[in-house]
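Asker: Shown below is the structure under consideration.
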Amino acid sequence: MSCLRAMKAQLGDEAPYAAAGAIFIDDKGSIFSDIESPSGTINEQPSIKKVHPSNNGKPVISPTTGVHELLECPVCTNSMYPPIHQCPNGHTLCSNCKSRVNNKCPTCRQELGNIRCLALEKVASSLDLPCKYLSLGCPDIFPYYNKLKHESQCTFRPYNCPYAGSECSITGDIQMLVAHLRDDHKVDMHSGSTFNHRYVKLNPLEVENATWMLTVFNCYASYFCLHFEAFQLGAAPVYMAFLRFMGDDNEARNFRYSLEVGANGRKLIWQGVPRSIRDSHRKVRDSHDGLIIQRNMALFFSGGDWKELKLRVTGRIWKEQ
Ligand SMILES: [Zn+2]
Ligand SMILES: [Zn+2]
Ligand SMILES: [Zn+2]
Ligand SMILES: [Zn+2]
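Residue numbers for the sequence shown follow this note's numbering, so the first one is 307 and each next one is one higher.
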């Protein structure tokens with residue numbers, strides 16, 4: 307309810323600009339077909355085509371049109387939240403799009419001005435809608451203005467690709483992401499709960515930031531990502547290894563893992579709880595929640611002549627009873 311209250315407070319300022327009865331979108335056939343937006347040409351929107359003018363000249367919504375379709379921004383097709391804007395002819399658009407269209411209505415090219423569509427905002431506040439991850443299994447229904455908050459936390463929401471080192475925009479469920487990691491990122495796949503990996507780098511003294519190829523482990527009917535990288539921790543160059551769980555945080559907490567590096571009678575052991583991939587790779591790294599090895603120590607463990615990192619990391623994943 308708090309966001310609704312905030313919305314009403316906001317409305318106070320701009321209410322005089324709102325035009326009455328402007329929540330409907332006219333049906334003008336292919337009106338969208340030649341319109342340019344910042345992201346290119348906007349095609350005809352199916353939600354627009356379902357709106358028909360009635361005989362009396364008053365626009366009506368055809369029975370097949372859900373009100374929530376009117377709440378879909380005709381420009382970007384995202385759901386619209388206050389402030390919802392409109393042009394003097396009543397074409398609506400979301401505040402995100404409004405800021406990108408140079409004050410010109412993308413539908414009729416009239417100057418946009420600063421007109422709020424209060425009626426549509428009020429209609430929205432009366433709606434209960436299913437979570438947008440309904441098709442992924444979420445059964446919940448929410449008042450329109452609570453929906454967004456839920457969806458940002460919904461346990462059925464897709465996961466981001468856990469691959470680090472590139473900006474990958476792929477999202478999906480775990481099975482889909484495992485296939486994506488294997489086929490598109492060519493990550494190393496590994497079955498079983500114990501591992502023994504050697505991380506190699508020539509001229510390690512020249513490299514301050516590096517990310518090694520991710521390894522994905524499949525055990526306990528789950529998937530885990532082992533990350534290894536080099537970065538500066540304060541003034542000190544370090545390597546860090548850590549594990550992330552491909553699933554939600556509450557499930558991740560059922561697992562433990564250990565990592566071990568050593569040579570010549572010295573040994574560093576880390577035991578931790580894998581972090582959910584809901585936490586970004588960067589966030590986990592920056593919280594230092596993993597095995598951190600000073601570069602000098604890592605090179606000592608590598609043996610040889612300090613010209614090459616050859617660090618053997620052994621580890622194990624288990625389920626906490
Ligand atoms: Zn939009
Ligand atoms: Zn317009
Ligand atoms: Zn949900
Ligand atoms: Zn990816």
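Note that the Cβ used here is the ideal one computed from N, Cα and C, for glycine as well.
Would you kindly work out how many angstroms separate the C-alpha atoms of Q627 and F561, rounded to a whole number?
Answerer: Counting from one through the sequence shown, the residue named residue 627 turns up at place 321. Counting from one through the sequence shown, the residue named residue 561 turns up at place 255. So the two alpha carbons sit approximately 9 Å from each other.
Asker: When the Cα atoms are used, what is the spatial distance from C414 to N466?
Answerer: The sequence position of residue 414 within the sequence shown is 108, counting from 1. The sequence position of residue 466 within the sequence shown is 160, counting from 1. In a straight line, the C-alpha of C414 is about 37 Å away from that of N466.
Asker: Is it buried or exposed for V506, if we count other Cβ within 10 angstroms and need 16 for buried?
Answerer: Counted from its first residue, the sequence shown places residue 506 at position 200. Label assigned to V506: exposed.
Asker: Using only CA atoms, which one of F530, N524, Q538 lies nearest to A516?
Answerer: Here residue 516 corresponds to residue number 210 of the sequence shown, with the count starting at 1. Comparing Cα-Cα distances from A516 to each of F530, N524, Q538, the minimum goes to Q538.
Asker: In chain order, which continuous runs of the beta strand (DSSP E) of length 3 or greater are located wholly inside the stretch 378-416?
Answerer: Counting only runs of 3 or more, we get nothing.
Asker: Report, in whole angstroms, the separation of the C-beta atoms of A470 and H594, which I expect to be a contact under 8 Å.
Answerer: On the sequence shown, position 164 is the one that residue 470 refers to. On the sequence shown, position 288 is the one that residue 594 refers to. Actually they are not in contact, since the Cβ atoms of A470 and H594 sit about 16 Å apart, beyond 8 Å.
Asker: Quick check on L511: buried or exposed, where buried means 16 or more other Cβ atoms within 10 Å of its Cβ?
Answerer: Numbered from 1 along the sequence shown, position 205 holds the residue referred to as residue 511. Looking at its Cβ environment, which holds fewer than 16 other Cβ atoms inside 10 Å, L511 is exposed.
Asker: List, from N- to C-terminal side, the beta strand (DSSP E) runs of 3 residues or more that fit wholly inside the stretch 526-612.
Answerer: Listed in chain order, the complete beta strand (DSSP E) runs (minimum 3 residues) inside the stretch 526-612 are 528-539, 542-551, 561-569, 572-578, 597-600.
Asker: Can you check DSSP and say which residues form a bridge with W518?
Answerer: Position 212 of the sequence shown, counted from the first residue, corresponds to residue 518. None, per the DSSP bridge assignment.
Asker: Starting from the Cα of G498, find the closest Cα among H374, V373, G621, G372 and give me that residue.
Answerer: Start at 1 with the first residue of the sequence shown, and residue 498 comes out as number 192. With distances taken between Cα atoms, G498 lies closest to G621.
Asker: So what does L617 bridge to, in DSSP terms?
Answerer: Residue 617 sits at position 311 when you count from the first residue of the sequence shown. Answer by DSSP bridge pairing, in chain order: Y505.
Asker: Following the continuous alpha helix (DSSP H) through D489, name the residue where it begins and the one where it ends.
Answerer: Along the sequence shown, one-based indexing puts residue 489 at 183. Residues 480-489.
Asker: Should G610 go down as buried or exposed, given a rule of 16 or more other Cβ atoms within 10 Å for buried?
Answerer: As a position in the sequence shown, residue 610 is number 304, starting the count at 1. Exposed.
Asker: Could you tell me which whole alpha helix (DSSP H) segments of length 4 or greater appear in the stretch 427-461?
Answerer: Whole alpha helix (DSSP H) segments, 4+ residues: 450-459.
Asker: Between N395 and ligand 5, is there a pair consisting of the residue's CB and a ligand heavy atom that are separated by less than 8 Å?
Answerer: What this structure holds is ligand 1, ligand 2, ligand 3 and ligand 4, not ligand 5.
Asker: Would a C-beta distance cut-off of 9 Å place T398 and L426 closer than the cut-off?
Answerer: Here the question's residue 398 lines up with position 92 in the sequence shown. Here the question's residue 426 lines up with position 120 in the sequence shown. Yes, they are a contact pair.
Asker: Just checking D434 against ligand 3 - is the residue's beta carbon closer than 8 Å to any of the ligand's heavy atoms?
Answerer: Here residue 434 refers to the residue found at position 128 when the sequence shown is read from its first residue. No, ligand 3 has no heavy atom inside 8 Å of this Cβ.
Asker: Would you say L424 touches ligand 1, meaning its beta carbon is less than 8 Å from a heavy atom?
Answerer: Taking the sequence shown and counting its residues from 1, one reaches residue 424 at position 118. No, the beta carbon of L424 sits no closer than 8 Å to any heavy atom of ligand 1.
Asker: Within its chain, find whatever has a CB closer than 8 Å to the CB of R504; leave out the 5 residues flanking it on each side and keep chain order.
Answerer: As a first step, residue 504 is located in the sequence shown; it is residue number 198 there, counting from the start. So the qualifying residues of the chain are K616, L617, R618, V619.
Asker: For the stretch 481-496 and the stretch 451-459, state whether three or more C-beta atom pairs, one from each stretch, are separated by less than 8 Å.
Answerer: Too few Cβ pairs lie closer than 8 Å, so no.
Asker: Following the continuous beta strand (DSSP E) through S497, name the residue where it begins and the one where it ends.
Answerer: Translated into the one-based positions of the sequence shown, residue 497 becomes position 191. S497 -> beta strand (DSSP E) spans 494-497.
Asker: Considering only their Cβ atoms, is the gap separating F523 from K496 smaller than 9 Å?
Answerer: Taking the first residue of the sequence shown as 1, we reach residue 496 at position 190. Taking the first residue of the sequence shown as 1, we reach residue 523 at position 217. A quick correction: the sequence has His, not Lys, at residue 496. Their beta carbons are under 9 Å apart, which means H496 touches F523 by this criterion.
Asker: Give a single yes or no on whether D446 has its beta carbon closer than 8 Å to a heavy atom of ligand 3.
Answerer: Translated into the one-based positions of the sequence shown, residue 446 becomes position 140. Because some heavy atom of ligand 3 lies under 8 Å away, the Cβ of D446 counts as near it: yes.
Asker: With distance defined between alpha-carbon atoms, name the residue in A527, I421, V513, N384 nearest to A542.
Answerer: As a first step, residue 542 is located in the sequence shown; it is residue number 236 there, counting from the start. Closest option to A542, Cα to Cα, is V513.
Asker: Please list, in chain order, all residues of the same chain as K404 whose beta carbon is under 7 Å from its beta carbon, the five residues on each side excluded.
Answerer: Your numbering for residue 404 matches position 98 in the sequence shown. H391, L418, listed in sequence order.
Asker: Take M552 as the anchor and find which of R572, D585, F607, P449 has the nearest alpha-carbon.
Answerer: As a first step, residue 552 must be located in the sequence shown, where it is residue number 246. When each option's Cα is compared against that of M552, the closest is D585.
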